[in-house]
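Below is one structure, written out as structure tokens; comments come after it.
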Amino acid sequence: MAARVSYELDVHEGKNVILIKFPYDKELVERVKKLVGVKWSQSKKAWYVLDTSQYREKFGIEEKVIGKEVVVKIAEINKANFLRFLETLHLKSYSKSTIKTYSTEFASFLYTIKNIDAKEISAEKLRAYFLYCLKELKMTENHLHSRINALKFFYEQVLHNEKIFFEIPRPKKPLLQPKVLSLQEISKLFSVINNQKHLLMLQLCYGMGLRVSEVVQLKVNNIDSQRMQVFIERAKGKKDRYVTLPDSILDLLRNYYITYKPKIYLFEGQYGGKYSTRSVQAVFKQAMNKAKIRKEIGIHGLRHSYATHLLEYGTDISLIQKLLGHNDIKTTLIYTHITNKELGKVQSPLDRLKNSTQ
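Take the sequence shown: its position 274, counted from the start at 1, is 402 in my numbering, and no numbers get skipped.
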């Protein structure tokens with residue numbers, strides 16, 4: 129049924145919209161009516177929703193890199209710089225999310241400098257600009273790093289001026305420890321989920337240490353139940369890897385397959401295509417509320433918990449690195465700071481003082 133639904137980008141009543149078209153079907157009409165903000169257009173003879181990132185992801189439509197309204201604000205002298213910047217990002221096969229972030233940050237910079245040619249900006253002027261971002265715009269360290277990386281790409285990769293950033297100091301990023309759930313909390317979380325699909329999604333996140341983007345990208349043919357392995361295809365950094373399929377999940381996985389009969393993606397959306405990451409995140413949030421777990425933690429915490437618990441079980445750190453798909457073992461080593469394995473053995477000096485006086 130989902131294959132009969134098609135989507136078209138259009139403009140309706142002065143707004144960018146997504147038209148949802150399908151031959152009349154009472155069941156489909158009822159399902160479409162449940163979409164937030166959906167309306168019927170008599171002139172277009174179709175249902176439609178606003179063209180947003182959320183709906184593009186939900187319907188499997190390629191995300192627009194940057195809005196036309198932003199490009200219009202760029203001075204004529206810098207439009208060629210912006211187009212060359214975009215072309216270079218595409219030629220170097222950067223991910224969609226990186227292209228979107230870099231182009232937005234670079235466009236904001238070009239809008240700020242107005243009629244000054246970006247090619248003529250000196251290192252000293254860039255320093256002043258970054259101070260402006262920090263002091264006047266009150267950017268966070270992470271946001272400023274993104275802005276610096278975008279401009280670094282333009283001056284070093286597009287203009288091939290490799291030395292311009294050597295004199296520009298970067299703000300120190302706060303060293304944040306990953307937030308994790310205990311085994312008891314994980315068990316409680318899973319126990320409150322009654323929906324078969326939702327339970328499988330979260331169990332795969334934790335049981336194989338997957339990013340939410342990797343869960344929604346899983347295809348039926350990526351799962352090898354004979355070898356008990358799952359192929360993670362073109363993950364972060366466009367890397368492939370294999371992870372171990374947990375024995376305990378096989379029954380749920382088989383029952384799910386029989387019930388839902390997915391065709392291409394293991395988790396398919398209501399209207400076909402892959403399930404959206406936002407929907408999986410919402411499933412996690414709802415389960416956390418239902419389980420009454422009050423920790424401020426997102427779905428990525430299941431991946432952090434997987435790595436932390438493996439380390440506590442004595443798994444070699446280099447193997448955890450491979451399972452997580454980290455390029456640098458330094459990224460994996462952060463979990464050594466939060467494991468309870470050694471911390472539990474430490475006795476507070478206060479306890480020693482109390483014991484010595486008894």
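Heads up, the beta-carbon is just placed ideally off N, CA and C, and yes, glycines get one too.
Opposite residue i in the DSSP bridges: which residues?
{"i": "Q357", "result": "D352, T372"}
{"i": "V145", "result": "D138, L178"}
{"i": "Y393", "result": "K347"}
{"i": "S169", "result": "A174"}
{"i": "K402", "result": "E396"}
My guess is that residue i and residue j are in contact by the Cβ rule of under 8 Å, so how many angstroms apart are they, rounded?
{"i": "V340", "j": "I427", "result": "5 Å"}
{"i": "S125", "j": "L378", "result": "Residue 125 is absent from the model: the chain starts at 129 and stops at 486."}
{"i": "V358", "j": "F395", "result": "In fact, because the Cβ distance is near 13 Å, the residues do not count as touching under 8 Å."}
{"i": "L93", "j": "F258", "result": "Here the chain covers residues 129 to 486 and nothing more, so residue 93 does not appear."}
{"i": "I314", "j": "Y334", "result": "6 Å"}
{"i": "T464", "j": "L439", "result": "7 Å"}
{"i": "F282", "j": "A246", "result": "7 Å"}
{"i": "Q114", "j": "R159", "result": "No statement about residue 114 is possible, as the shown extent of the chain runs from 129 to 486 and does not include it."}
{"i": "K186", "j": "S404", "result": "5 Å"}
{"i": "A278", "j": "E233", "result": "4 Å"}
{"i": "G188", "j": "K364", "result": "The Cβ separation is near 20 Å, so there is no contact."}
{"i": "V133", "j": "I148", "result": "7 Å"}
{"i": "K325", "j": "Y384", "result": "6 Å"}
{"i": "L111", "j": "L380", "result": "Outside the shown range of the chain (129 to 486) lies residue 111, about which nothing can therefore be said."}
{"i": "P390", "j": "V348", "result": "6 Å"}
If I follow the unbroken alpha helix (DSSP H) through residue i, where does it start and stop?
{"i": "L330", "result": "324-335"}
{"i": "H124", "result": "The shown model of the chain, from 129 to 486, leaves out residue 124, and the question about it has no answer."}
{"i": "A246", "result": "Counting along the chain, A246 falls outside any alpha helix (DSSP H), and DSSP gives it neither H nor E."}
{"i": "E155", "result": "154-161"}
{"i": "I457", "result": "457-461"}
{"i": "T232", "result": "224-241"}
{"i": "L262", "result": "251-263"}
{"i": "D379", "result": "378-388"}
{"i": "K280", "result": "269-280"}
{"i": "S319", "result": "311-319"}
{"i": "N289", "result": "Counting along the chain, N289 falls outside any alpha helix (DSSP H), and DSSP gives it neither H nor E."}
{"i": "T443", "result": "Unbroken run through T443: none, as it is neither H nor E."}
{"i": "I205", "result": "204-219"}
Within 8 Å, do at least three Cβ pairs link the segment 439-458 to the segment 363-373? Enough Cβ pairs lie closer than 8 Å, so yes.
contact_flag[the segment 203-223, the segment 170-188] where n(CB pairs < 8 Å) is 3 or more: The segment 203-223 vs the segment 170-188: no contact.
Check whether the segment 425-445 touches the segment 303-322, counting contact only when three or more Cβ pairs, one atom from each stretch, lie closer than 8 Å. Yes, since at least three Cβ pairs between the segment 425-445 and the segment 303-322 fall closer than 8 Å, the two stretches touch.
Check whether the segment 243-259 touches the segment 220-228, taking contact to mean three or more Cβ pairs, one atom from each stretch, closer than 8 Å. Too few Cβ pairs lie closer than 8 Å, so no.
Contact between the segment 167-179 and the segment 144-151 is defined here as three or more beta-carbon pairs at a separation below 8 Å; is this criterion met? Counting Cβ pairs under 8 Å, three or more are found: they touch.
On the three-pair Cβ rule with 8 Å, is the segment 155-175 touching the segment 198-215? No: the two stretches stay apart, fewer than three of their Cβ pairs being nearer than 8 Å.
Given 8 Å, three or more beta-carbon pairs between the segment 407-423 and the segment 315-328: As far as the Cβ criterion goes, the segment 407-423 touches the segment 315-328, which means the pair count is three or higher.
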